[in-house]
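These notes concern the structure reproduced below.
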Amino acid sequence: MEPTLISAKFNFFIEVLMPDGSKKVFPITKSSLSVGRAPDNDIVIDDPSVSRQHATFHVKAGGLVVTDLGSSNGTFIGDQRLPAKAPKKVNAGDHFRLGDVRISIPKPPEKQEPQKRSGKKLFRPLSGVVIAGLLLAIASMIVITGAVAIYITGRIRLSEQLNASACQQPPMVLLMSGGQVIQPQLAPGEPVPTQPAGRPIVSMAFLDLPFPYDGGNENFGGTLDQFLLANQRNAGQGGRINSFFDHYLPLYPASKDPDIPGGQEPAESPIGDNVLLFDGSLSEFDAYSGHPGYDYSTYEYRTPSTPLFAAADGVIYAVGEHSASGALFVKIVHNVPGVGDFLTVYWHLHPDRYFEAMLGREGEPITAGTRIGTMGNTGFSTGHHLHFEVRFDVNQDGQFPLSEVIDPFGYIPSPLYPSDPWFERTYFPSSYLWIHPLGVIAEVPESGGGSIDQPNDTGGAMGAEAVTPDRNVLCAQPGSLPPGGQVYWSLGPGPRPTYDLASASTGCVLSVLDAQGVPVERLGDPLIVSIPYDEENVQNIDPDTLQIYWQEYGSDTWKPLETHLDPENNTASAITDRTGRCALLGYPTTDIVPPETRIEVAGATAADGAWYQAITVTLESTDPSGVQKVEYSLDGGTTWDLYTGPFTIEPAGVPKPITMNEEFFGGLPGNFLILATATDSLGNIENPPVFKQISINPTKDPLIAFNPDGALAADPTPIIKHSRMETTTVNITQTLIVTPTLPDSSDAGLEDNTIRVGPDDFPEGTDPLTGLPCDDQSTLTYSPGLVSVTNFPVTARPQAGISYSPYVFEMYIGEGMTRFLALFHCDFPKEVDPSNPEDSVVGPIRSGRLPYESIRKLYSGFLVMASADPRVGALLGTSATIFGSDENDVNSALIDVSQLRSIAEVNSDAAAPPNLTGNLFDSMPPPGGKPASTLWVFYNYLNQIQWMFDPTGGYYLRYQDNADGSGEFYPSTDRLNGEQLAFENVIVLYGEHSVLNSERTMIDINLLYNTNTAYIFRDGQMFPVLWTTVGGDYERTTGRMRPIRFTDYQGNPFPLKPGSTWVEMVDLTTTLQEIAAGYWKVRFYAP
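In structure tokens:
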């Protein structure tokens, strides 16, 4: 049992009068207690009128704060039943009722005068009650087992050492390796540098906070203490963090609203609605799930007055306004020799002279501390703040997509999450990057004991000098720690304040790995941990109640520890035998907890849960001291209105998808962001505000018909003009309220002989890109040829040779147009007529594009293109350039089929053939698919495609419009053989699109080291899957890459149908919707 310090503040009890007249007395021995019928409560009341988890009691000056937990029979003060989750103060001398059980709070005895301080080290002794209980527990443990006796002896021995000036154990050797550190890439023959003992876990200490540490001035940099304070939670005690980096999947959360697409972090718990912090703990209270950076609050509430600085020396990468949201931003590249390039992102800047002075300076060097702007509220924002991100150029391509985001605080392994989930996806670790060291990694010696000192602080623009610490942060007796293991020790944010406990200092994290790298939860013997605190900075907290509290990994409870306060050396020390988190907490002398507000929305919903009419919004705020006012904002915090009662939000256009490439919220037509904040009677403000993101889509109204562009249909009567069998022209300009006759796909595409091959092993002579035998097996060792084939202008159609390609990637290239990258492998296009060789060609061939290089690497191939923009060409690898025969004809660049094969042979190495395995092929479709007879891909009004399933052939046939806006679709054919393009698999593959030039024609797609969503259409069915290029054992051992692989949501290989595959590459903002039974629409939105 943990020893509990009982201050005079808690020296009272409650009397419980049972319905049968019996009375029980329960002493109040801690500041927060659970009450109910279940045996795991702090106070157990065995009566049927009391719920298993009935209420909580929080000690408050002169009484208790009682909170009903939604009990069946209620909690009553007098005749008034308390609402669930609404705290209510009950004073000493009063009584209340849980169900039929009456409870009274006798008035406590007079409080004794607290012990006066002498200015020397203070050791707070245990009370007599606790000592007696502890001795009784010790006696019982000694009888049971000698090992426990050693454990208790170790605790008593450590208790004696709490008064000692220093630990009597030798210092541990500190390491520069582990999850937090990136090892420099050494040149051949360069010796590995040795790391001196006592070095903190900072191998790349180059970042400083980009705003004044202490606020209210324009100073850049500061001391370690100021750095620690600024990196606490924004809870009215000087901390500035509103939102943390989420190590689960920092790619924004998937919305629960069906009309808000995008966002890759699943909405379901535990991933959804939780944040995995850098200290390895899971938090449901911190904002917000899927967040890829840190949000820092302004010094002055709702005021754009906090300066922003460059966090380190670097080169200005980009300055501008986000096209979708209007957010002002600055991005700076920082090169770390031997490691690579980092990007810092500063978002939501205020439009002032400082930001204007940054415009047009891309490519210029900038020094740390240079003023770059002011914290603002531009774009899709939740109020004035800074969104700060760090990204690392993993693949060294000069681009910094969101998938390369990292946490500048690194990651500390825990028993719950031994490895960083984000690292498992990217294979690049988040590393500690700040100039002020917070912690260390130490190697456990064979004795299993030792000491660790607080690392020296030499960083900061204030010119702080290195100071040898006069205190240990950890003191372990021999046998406490696993020999050969590692100790992770770090300072960090303390918990949010509650009504009965508030943090008086920074928090701490202790994680221990054994020699095999497995996190341990319980230590062999207790040890002493110490954290800094400054008695002069302890505000609104009773100093006589200060104790170090401990939270074990996986627990929601903070338990008090035996604590020694040393105000002379500004240190608090305690004894623990567990790993976890610590904080110096005390009893608040005043209410410092802001109110809590809930946003409730009501209105009519469609079958998929989407709102389609006006909605009513209700705000509910609670606070024990009373709520002074509640405010709300519908424009991202620019203006605030006083809440006086429920209000209505009317539809405002058809919702457009929300981009997930950058920080986002409402603000687009049909999308709304509701912000709400409350202030209590003592002036505590709910900051950051609570928010709710909603979308109102009038096209979901079942009584109104709409055209594809969202406009009202002229005639809402369903009209069907969609018969591929009757004519080669398909018209879909009419209303989408259709019920087409769908083909029977129950036995679609089943071969006589079932095929199941892959994902890693394929029969000899089988092409791993199709799962089918290769006619010319000599070409299996050839590197794939990737040919850039144009799709615009329409005079380029029909293209030649596409039907021979086992994989075609269709991608957006700007201005509404798409282009094909057709892969050729195994069975190359055949010569049609030897007498007319000019007809046996592939093309027309056009210029190279940025995404080609990622695809080339994944498929170990070579590119065939008609030159490229010099900025693009410099980034493309192995390629062959084909020139047109007529400079006045953009469609004249063609390659002879025999020449394509010859180039493949030249660019191949039979001794090191490409590994194109990784995908499973099965002629039998898996269960769980949804009917999908038609797939309509809407890239642009003048660029639309339809894929229609042919149950006889078991493949999808391609149709394309004529870029004339008529809505008529024509068969896409191959001029080489005259056949209509037919593909067994059509895949809608989601990937982040990045626009890299002002003309919006230089677009890259993030494909490397990534995992994302895809939808596979095969056998007349649609299957939601995942695609990945994240390396596995093969990639890590060989250093080579393999093709895009497809899995189900449990990580199992998903089977493609044997045959060819067409990939529609779409941005994360793209929507996929079943607009009628078996009729699916993909709506692409230009990035």
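Following my numbering, the numbering of the sequence shown begins with 18 at its first residue and continues without gaps.
All residues carry an ideal CB built from backbone N, CA and C; glycine is no exception.
The model shown is predicted, which means the values in this text are computed figures rather than measured ones.
Practice problem: Please name the residue or residues paired with H75 in a DSSP beta bridge. | Solution: Sequence index remark: in the sequence shown, residue 75 carries index 58 (1-based). DSSP lists S49, V82 as partners of H75.
Quiz item: K847 by DSSP, collapsed to three states: which one?
Solution: Taking the sequence shown and counting its residues from 1, one reaches residue 847 at position 830. The answer is coil: DSSP assigns K847 none of H, G, I, E or B.
Quiz prompt | Own chain, CB closer than 6 Å to A813, minus 5 neighbours either side, in chain order | solution = Residue 813 sits at position 796 when you count from the first residue of the sequence shown. Around A813: T807, P861, N908.
Quiz prompt | R836, buried or exposed, once every other Cβ within 10 Å from all chains shown has been counted against 16 | solution = Mapped onto the sequence shown, residue 836 falls at position 819. Buried, because 16 or more other Cβ atoms sit within 10 Å of the Cβ of R836.
Self-check item: Option in L99, I899, V644, G496 with minimal Cα separation from D697
Solution: On the sequence shown, position 680 is the one that residue 697 refers to. Comparing Cα-Cα distances from D697 to each of L99, I899, V644, G496, the minimum goes to V644.
Quiz item: Using DSSP with H/G/I as helix, E/B as strand and the rest coil, what is M1082?
Solution: By 1-based counting over the sequence shown, the position of residue 1082 is 1065. M1082: strand per DSSP, three-state reduction.
Practice problem: On a CA-only basis, which of Y265, R388, N1023, I349 is nearest S871? Give me that one, please. | Solution: Sequence index remark: in the sequence shown, residue 871 carries index 854 (1-based). Checked all of Y265, R388, N1023, I349; the closest Cα to S871 is N1023.
Quiz prompt | Cα-Cα separation, L893 to R378 | solution = Stepping through the sequence shown from its first residue, residue 893 is reached at position 876. Stepping through the sequence shown from its first residue, residue 378 is reached at position 361. The straight-line gap from Cα to Cα measures roughly 27 Å.
Exercise. Count the other CB atoms, across all protein chains shown, that sit within 10 Å of the CB of V504; report buried if there are 16 or more and exposed otherwise.
Key: One-based indexing of the sequence shown puts residue 504 at position 487. V504 comes out buried.
Practice problem: Provide the residue(s) that pair with I545 in DSSP beta bridges, ordered along the chain. | Solution: Counted from its first residue, the sequence shown places residue 545 at position 528. Note: I545 sits in a beta bridge opposite C492, I592.
Quiz item: Given a threshold of 16 other Cβ atoms within 10 Å of its Cβ, counted over all protein chains shown, does L518 qualify as buried or as exposed?
Solution: Taking the first residue of the sequence shown as position 1, residue 518 is located at position 501. With 16 or more other Cβ atoms within 10 Å, it is buried.
Quiz item: Opposite G467 in the DSSP bridges: which residues?
Solution: Against the sequence shown, residue 467 aligns to sequence position 450. Its beta-bridge partners are A493.
Quiz item: Taking just the CA atoms, how far does G1037 sit from P944?
Solution: Counted from its first residue, the sequence shown places residue 944 at position 927. Counted from its first residue, the sequence shown places residue 1037 at position 1020. Distance between the alpha carbons of P944 and G1037: 13 Å.
Quiz item: Taking contact to mean at least 3 C-beta pairs separated by less than 8 Å, is the stretch 317-327 in contact with the stretch 360-377?
Solution: yes
Quiz item: Given a threshold of 16 other Cβ atoms within 10 Å of its Cβ, counted over all protein chains shown, does Y958 qualify as buried or as exposed?
Solution: If you number the sequence shown from 1, residue 958 lands on position 941. Exposed: under 16 other Cβ atoms inside 10 Å.
Quiz item: Going by beta carbon distance, what residues of the same chain come within less than 8 Å of Q1090, once the five residues before and after it are set aside?
Solution: In the sequence shown, counting from the first residue as 1, residue 1090 sits at position 1073. Closer than 8 Å at the Cβ level, and outside the excluded window around Q1090, lie W1097, K1098, R1100.
Quiz item: Would the beta-carbon of V461 fall within 8 Å of that of M189?
Solution: Taking the first residue of the sequence shown as 1, we reach residue 461 at position 444. Taking the first residue of the sequence shown as 1, we reach residue 189 at position 172. Going by C-beta atoms, V461 is nearer than 8 Å to M189.
Self-check item: Rounded separation between F223 and I383 - CA only
Solution: Translated into positions along the sequence shown, residue 223 becomes position 206. Translated into positions along the sequence shown, residue 383 becomes position 366. Between F223 and I383, the C-alpha separation is close to 14 Å.
Quiz prompt | Close Cβ partners of D777 (< 6 Å) along its chain, the five nearest in sequence each way excluded | solution = Here residue 777 is taken as the residue at index 760 of the sequence shown, counted from 1. Excluding positions up to five away in sequence, the list reads T934.
Quiz item: If you count every other CB in all the chains shown that lies within 10 Å of the CB of G80, and 16 or more means buried, which is it?
Solution: Position 63 of the sequence shown, counted from the first residue, corresponds to residue 80. By the neighbour-count rule (16 or more Cβ atoms within 10 Å), G80 is buried.
Quiz item: Alpha carbon to alpha carbon, how far is V422 from A885?
Solution: Residue numbering aside, residue 422 sits at position 405 when the sequence shown is read from its first letter. Residue numbering aside, residue 885 sits at position 868 when the sequence shown is read from its first letter. For V422 and A885, the distance between alpha carbons rounds to 29 Å.
Quiz item: What are the residues that DSSP puts in a beta bridge with A839?
Solution: As a first step, residue 839 must be located in the sequence shown, where it is residue number 822. Beta-bridge pairing links A839 to V804, V825.
Quiz item: Is the beta carbon of W1044 less than 8 Å from the beta carbon of L1006?
Solution: Taking the sequence shown and counting its residues from 1, the one referred to as residue 1044 is at position 1027. Taking the sequence shown and counting its residues from 1, the one referred to as residue 1006 is at position 989. Yes, these two residues count as a Cβ contact at 8 Å.
Exercise. Report the partner residues of I94 according to the DSSP bridge assignment.
Key: Against the sequence shown, residue 94 aligns to sequence position 77. Paired residues: Q97.
Quiz item: Mapping DSSP to helix, strand and coil, what is G984?
Solution: Translated into the one-based positions of the sequence shown, residue 984 becomes position 967. Coil.
Quiz prompt | Simplified DSSP state of F426, which is helix, strand or coil | solution = Translated into positions along the sequence shown, residue 426 becomes position 409. Three-state result, F426: strand.
Practice problem: Evaluate contact between the stretch 422-439 and the stretch 380-398, counting only Cβ atoms and requiring at least three cross-stretch pairs below 8 Å. | Solution: no
Self-check item: Classification of D225 by the beta-carbon crowding that lies within 10 angstroms, buried from 16 upward
Solution: The residue labelled residue 225 in the question sits at position 208 within the sequence shown. It counts as buried.
Quiz item: Taking buried to mean at least 16 other C-beta atoms within 10 Å of its own C-beta, is D1050 buried or exposed?
Solution: One-based indexing of the sequence shown puts residue 1050 at position 1033. It is exposed - the Cβ of D1050 has fewer than 16 other Cβ atoms within 10 Å.
Practice problem: Give a yes or no on whether the minimum CB-CB distance between Q471 and chain B is below 8 Å. | Solution: Looking at the structure shown, chain B is missing, and only one protein chain is on hand.
Quiz item: Relative to the C-alpha of T1064, which residue among V1047, I565, E1052, A109 is closest?
Solution: The residue you call residue 1064 lines up with position 1047 of the sequence shown. Among V1047, I565, E1052, A109, the Cα nearest to that of T1064 belongs to V1047.
Self-check item: Between the CA atoms of P100 and A109 - distance to the nearest angstrom
Solution: Taking the first residue of the sequence shown as 1, we reach residue 109 at position 92. Taking the first residue of the sequence shown as 1, we reach residue 100 at position 83. Approximately 22 Å between the Cα atoms of the pair.
Quiz prompt | Where L266 sits in the DSSP three-state scheme | solution = As a working note, residue 266 is residue 249 in the sequence shown. Correct three-state label for L266: coil.
Exercise. Could you pull out every residue in the same chain whose Cβ sits closer than 8 Å to the Cβ of E1081, ignoring the five residues on either side in sequence?
Key: Residue numbering aside, residue 1081 sits at position 1064 when the sequence shown is read from its first letter. Cβ within range, chain order: E827, V954, I962, V1003, I1004, V1005, L1006, V1099.
Exercise. From the DSSP output, in three-state form, read off G888 for me.
Key: Mapped onto the sequence shown, residue 888 falls at position 871. One detail in the question is off: residue 888 reads as Arg in this sequence, not Gly. Helix, per DSSP.
Self-check item: Nearest to G687 (by Cα), restricted to the options L450, M1019, A669, T240
Solution: Start at 1 with the first residue of the sequence shown, and residue 687 comes out as number 670. Closest option to G687, Cα to Cα, is A669.
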